[in-house]
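A short write-up of the structure that comes next.
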Amino acid sequence: SAGIMTRAYTPCFQAFGTGTQNSLGDATYTVQFGSETFDLNADYNNSTYIFTAPVTGKYQFNVTLNMNNYQTGIGYSWMKLVTSNREHYLAIDGGAHYDAADYNNLTGSVVCDMDSGDTAKAQLQLSGGQASIILGSSSFSGNLVA
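Note that the numbering used here gives residue 221 to position 19 of the sequence shown, counting from 1, and the numbers run on in steps of one.
Next up, the structure:
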């Protein structure tokens with residue numbers, strides 16, 4: 203009567219890391235969110251870390267990366283969402299303050315236009331040096347919004 207609707211199979215997921223990705227160097231990495239909190243329509247693959255859109259629409263994605271244990275030489279870090287159509291840069295950190303005891307959080311959200319069968323994954327790009335990512339407190343989520 204209030205016009206509120208719920209649908210059991212609406213694409214909606216949240217995944218988080220189950221461990222630590224160690225010694226990431228000067229490259230781009232697909233972040234390993236290997237455990238799901240929920241996945242209403244089974245559209246997120248927790249072994250490839252990729253979401254596949256089941257229907258054409260607008261999807262909102264949210265990514266949070268919590269990192270620490272930096273080595274030397276980090277120039278910057280980019281966090282991005284890579285879809286079939288484009289790369290969405292969600293956060294950047296210049297890295298001048300990084301040291302081994304430092305903790306850093308990159309977080310961002312984006313609404314993407316996706317066709318049925320398009321994919322999305324979260325990536326981290328590091329320039330120089332090495333870092334470890336603590337994934338237990340990092341997350342990747344998404345849902346169909348329109």
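Yeah, the Cβ is synthetic: ideal placement off N, Cα and C, and Gly gets one too.
Cα separation between residue i and residue j?
i: S329; j: S279; result: 6 Å
i: N270; j: R209; result: 39 Å
i: G219; j: F235; result: 4 Å
i: S340; j: T266; result: 5 Å
i: D320; j: Y291; result: 18 Å
i: N248; j: G277; result: 30 Å
i: D241; j: A348; result: 18 Å
i: F253; j: F263; result: 10 Å
i: T285; j: S203; result: 38 Å
i: Y251; j: D295; result: 23 Å
i: N345; j: T230; result: 25 Å
i: G205; j: G259; result: 21 Å
i: A322; j: T232; result: 11 Å
i: L308; j: M316; result: 24 Å
Is residue i helix, strand or coil by DSSP?
i: I276; result: coil
i: V313; result: strand
i: T258; result: coil
i: A324; result: strand
i: S339; result: strand
i: N287; result: coil
i: A293; result: strand
i: V428; result: Because the chain in this structure spans residues 203 to 348, residue 428 falls outside the shown range and cannot be described.
i: A203; result: One point to set straight first is that residue 203 is Ser, not Ala, in the sequence displayed. Of the three classes helix, strand and coil, the one that applies to S203 here is coil, per DSSP.
i: S318; result: coil
Where does residue i land, buried or exposed, given buried means 16+ other C-beta within 10 angstroms?
i: Y211; result: exposed
i: V313; result: exposed
i: Y305; result: exposed
i: A244; result: exposed
Quick one: is the Cβ of residue i within less than 7 Å of any heavy atom of the ligand GDP?
i: P213; result: You won't find the ligand GDP in this model; it holds no ligand whatsoever.
Should residue i and residue j be called a contact, given that it needs their Cβ atoms to be closer than 8 Å?
i: A255; j: L283; result: no
i: S318; j: V257; result: yes
i: Q216; j: S343; result: yes
Fully enclosed by the segment 206 to 255, which alpha helix (DSSP H) runs are 4 residues long or longer?
At a cut-off of 4 residues, not a single continuous stretch assigned as alpha helix (DSSP H) sits fully inside the segment 206 to 255.
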